[in-house]
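So the structure is just underneath, and the comments pick up after that.
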Amino acid sequence: MSKSNYSVIGKRVGNVDGVEKVTGGAKYTVDMVLPNMLHGKILRSPHPHARILNIDTRRAEQLPGVKIVLTAKDTLGRKNGIWRNFRDLCDEEILCREKVRYVGDAVAALAATDLETAEKALDLIDVEYELLPAAFDPLDALHDGMPHIHEDFERNMNVYRQIEWGDVEEAFSQCDHIREDTFYCSSQAHGCLEPHCALASFSHDGKLTVWTSTQSAYYTQLLLSDMTGLREGDIKVIKPHVGGGFGSKLSLDSAQYCAALLSMKLTRPVKIVLTRAEEFGATKRRTAIHYKVKLGAMKDGTLVARKVQAITEGGAYTAMGGTALYLTGFFSSFPYKFDHYQYDGFRVYTNNETASACRGFGAPQANFVSESQIDMMAEDLGIDPIELRIKNAITPNHEIPGQATIRSCELRQCLEAIDKWIKERGPLPPNHGIGVSAYGFMSGGIFNWIDTPYAFSSALVKINVDGKVDLFIGANEIGQGSNTTLSMICAEELGVRLEDITLHTGDTSVCPVDLGAWGSRQTLMSGNAVKMAALEAKKQLLEVAFHTLKPNVVYDLDIKDRRVHLAERPRRGISYFDVVKDAIRGKEGQAIIGRGHYTPHGKGMISPAYSFGVQAVEVKVDRQTGKVELKKIVTAHECGQVINPIGLEGQVEGASVMAAGWALTEELKSRNGKILNGDFRDYKMLLAEDVPEMILIEVDSYEPEGPYGAKEAGEGLTVPGAGAIANAVYNAVGVRITQMPLSAEKILQALEEKKRTQKEVDPFEAVA
Amino acid sequence: MERIISLRVNKEDYKVMVRPGESLLDVLRNRLGMTGTKECCNEGDCGACTVIMGGRAVNACLVLAVEAEGEEILTVEGLARGSALHPLQEAFIKCGGFQCGFCTPGMLMSAKALLDENIDPTEDEIRRGISGNLCRCTGYVKIIDSIKEAASVMRQGESDE
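Chains as they are written, first to last, in my numbering: chain A, 24 to 791; chain B, -16 to 144.
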């Protein structure tokens, strides 16, 4: 179907949650209150590594208003983890029994009648610790003789992943030029404005309801079932509006678990909201990674082989860090065709806050490294960096052995569009530079860590007698716009208007299962499920309309803008509303129901589809201070058929700024495992004043696996920013920063170093 | 000691019992049930709790409730007139000026304070006007567009009157 024929998708419509969100009516978990509700707080370890010798809760329990204090002895003693098939990687007790492994590990939880009392009571819990030696740097923690953070993991080696195709060593011996470089990617806080929080209510009939800020209500339900011993069906997870996730709200968190546990013991509602300091210090964060990368090429710019070694800073627990480890390996080959590739990744436990999923999931780190090195290689070979990229870019239907088949890919067009923009920009003022980075990202992961037998996404459509459509989805809106996108897909497929759709979402007891918001999966996976459900319902209407319209059998029927008509002769038709009434009468008064589901099959190891793009960033570097000023961010990208243009642009812009913040100013500083800048004053996320002009160039593409040809758009633009900025800084002032972040201090130091070495060289040049 | 104070919020008068250390934010959210104003950092760093007090945008978490006595306070709940949305609210929906929506109430109130002072701000003035408000989702581009759009609609409205 040509694009102009769509009546809902591709249109600039307002977000379906818009009115609620701009009037203050939208309710988030932090806004929730229940009658008879108690306030919970969590006592956290001040030590990075210590044995718990004794916990005395008596003084806290005696404080008037305190209802209960719980420690590990009050739990089932199970360990939490999202890789439920690998029990040794389920390593987080949440309430620690024998040891604490980072500053922030939870040791006790309590509930009191008001927040002040709860806070006061925390100081009255006496914990006796035996301090243990700790390891903070993964490069140290790997050595023999370093403290064991988890007893069964020798040398603190948590996960090892290898990816390999071709023969890199043999290939390197044939290359004209080889580079070997080391890089470091720093961590990043998710920075959700709504903190992690949960309100749990356990009733006398043995059922638990949890309102919580989560990226996957279904994962929360399953993991709570693991940890509490309740059956899945006895746990109802309700996800109200969510104030941001960015990867942080995917694992079971301490607020969810402790609120549930406290409520189960007391049979009263208990609410826990993490403080901003807990957000920074006691949740999860982006994985910091050390890389060693060897790249071999021919004189003409053909990239031949790449070998990547990565040591990732895991922190105290596994969480979803194993996936970041794998994906950084996979995406280190992107977005180029390598005949020979080898990746060895090591995830190492340390006594720091756990590194886990964070928007981009390992790909931004891979891209900073690989795209910095591509520019370095281009300079070595004397080839234009964009030309080098075009020469090696992934093209449609490219197969990555044993990993993936890439079907749609318009990377070349994106590179050409950026090349054109740069040429039109013309000569730059002094100390300005433009850097480029090319990227690709997945449209949902083919990862079933959680081990569910359900489809990855499901949807249910119910058409009522007034023509209104109830759409039930388990997909998780967290701000990315999936409620709007999925409503648009439903309306388009059924041939009704957006206002005809009533969305039912965020309640595991009502909505069909969906794995939730991660890995940029919902447009493609949940979208396919919604489209299938709508089509099934639509077919039931068309059967009824067929009897009324009685078309020649060679004609198809379709529905468009509430009218059922002959596809080839749109003027011959009848009202959708009349057909709905007839159809319901024909079903003995039952509403029309369509069901849909999607699980990727035969799509390799990673994802059913990939989006691609190129970002150019223009910066100005102040030689006196080292400060980088963003001047322009230009993105040419392709994401298949655009469903929700305003939502798409918002994703691109927001992700680009999050990436720029990570590259430049967002550095989580810690000493002996304690975060030193755990607040928004000292942890510098970019402000409106820091954000430059943004230009988006949409390149057309069509992904056969996606609904209407759509694919990823949620995380991809966190990927290229850091590499593009590093390349821009180099082009502006000639210093190559390989260790993130690109702080003013580091750039100034590099500029001074450069000046010094240049001065030393000068006299010899004069003699020559 | 708790005491009763009079607060005027969104043109309605309330009598509330407060503790001396209680912030305006606590009172709005926990005593008056106006949860539109968001609690995020509680330290004045993020702007999510911005309300307008005496014509100025303030962080409600940094204002003691007792200091707000006698002041005219406007929160996001008071922005619309009946069922008619304020031009800023209309523009945020039209231009996509929010995603998760958590910063939105504060952002709207900062923008309103800005436009109340200057109905025709430059882009730089808009950026400065909302630089006390963090947003992790949007990258600010569409928020700035929304404020520009609202300003234009409001100027049109003024010239029509």
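We put the CB at the ideal spot given by N, CA and C, even for glycine. Computed from a predicted structure; not experimentally measured.
- About 7 Å separates the Cβ atoms of K294(A) and G63(A), confirming a contact at the 8 Å cut-off.
- Against chain B, the CB of N59(A) has no partner CB under 8 Å away; the residue lies outside that interface.
- Counting C-beta atoms within 10 angstroms of its own C-beta, S598(A) has fewer than 16 neighbours from the protein chains shown and is therefore classed as exposed.
- By the Cβ rule, the segment 218 to 237 of chain A does not count as touching the segment 182 to 197 of chain A, because fewer than three pairs are nearer than 8 Å.
- Distance check between N101(B) and each of E73(B), E55(B), I130(B), A48(B) places I130(B) closest, using alpha-carbon atoms only.
- With fewer than 16 neighbouring CB atoms inside 10 Å of its own CB, M(-16)(B) falls in the exposed class.
- The DSSP-derived three-state label of G612(A) is coil.
- Distances from the alpha-carbon of D537(A) to those of V327(A), D493(A), V602(A), G467(A) put G467(A) closest.
- V327(A) and Y51(A) have their C-alpha atoms spaced approximately 51 Å apart.
- Proximity of C220(A) to chain B, defined by a Cβ-Cβ separation below 8 Å, is not satisfied.
- Assigned with DSSP and collapsed to three states, Y207(A) falls in strand.
- The Cβ atoms of G385(A) and L348(A) lie closer than 8 Å to each other.
- Taking the beta carbon of F269(A) as reference, the chain B residues within 8 Å of it are R119, listed in sequence order.
- CA-CA distance, I334(A) to L165(A), rounds to 10 Å.
- Listed by position along chain A, the residues whose Cβ is nearer than 7 Å to that of D28(B) are D702, F703, R704.
- In this chain, the alpha helix (DSSP H) harbouring M287(A) covers 277 to 289.
- Rounded to the nearest angstrom, the gap between the Cα atoms of A144(A) and F81(B) is 39 Å.
- In summary, A461(A) is buried, with 16 or more beta-carbon neighbours lying within 10 Å of its beta-carbon over all protein chains present.
- In the structure shown, the three-state DSSP call for G468(A) is coil.
- In terms of Cβ geometry, L494(A) and A478(A) do not form a close pair [threshold 8 Å].
- Within the model, the alpha-carbon separation for S532(A) versus S236(A) is close to 17 Å.
- Taking a Cβ-Cβ cut-off of 8 Å, M511(A) has no neighbours in chain B, whose nearest Cβ is about 14 Å from it.
- About 4 Å separates the beta carbons of L434(A) and F635(A), which is inside the 8 Å limit, making them a contact pair.
- Interface with chain B (8 Å Cβ-Cβ cutoff): D40(A) is included.
- For the 8 Å CB-CB criterion, L564(A) and V603(A) form a contact.
- Counting other Cβ atoms within 10 Å of its Cβ, K610(A) stays below 16 and is therefore classed as exposed.
- The continuous stretches of beta strand (DSSP E) do not include Y731(A), and DSSP gives it neither H nor E.
- Under the Cβ distance rule, Y51(A) counts among the residues neighbouring chain B, one pair being separated by less than 8 Å.
- Sixteen is the threshold: when 16 or more other Cβ atoms of the shown chains lie within 10 Å of the Cβ of P408(A), as they do, the residue is buried.
- Check the Cα spacing between K307(A) and each of A378(A), H264(A), T346(A): the tightest is with A378(A).
- In this structure, G550(A) sits away from G670(A), with a CB-CB distance that is not shorter than 8 Å.
- By the C-beta criterion, the segment 693 to 707 of chain A is judged not to be in contact with the segment 358 to 365 of chain A, since fewer than 3 inter-stretch pairs fall below 8 Å.
- In this structure, DSSP gives N700(A) a state outside helix and strand, which the three-state scheme calls coil.
- Neighbours of N42(B) across chain A, judged by C-beta separation under 8 Å, do not exist; the nearest C-beta is about 12 Å away.
- Non-local C-beta neighbours of Y(-3)(B) in its own chain, meaning closer than 8 Å and more than five positions away in sequence, comprise S(-11), L(-10), R(-9), L15, ordered along the chain.
- Take the alpha-carbon of D702(A) and the one of H171(A): they are about 31 Å apart.
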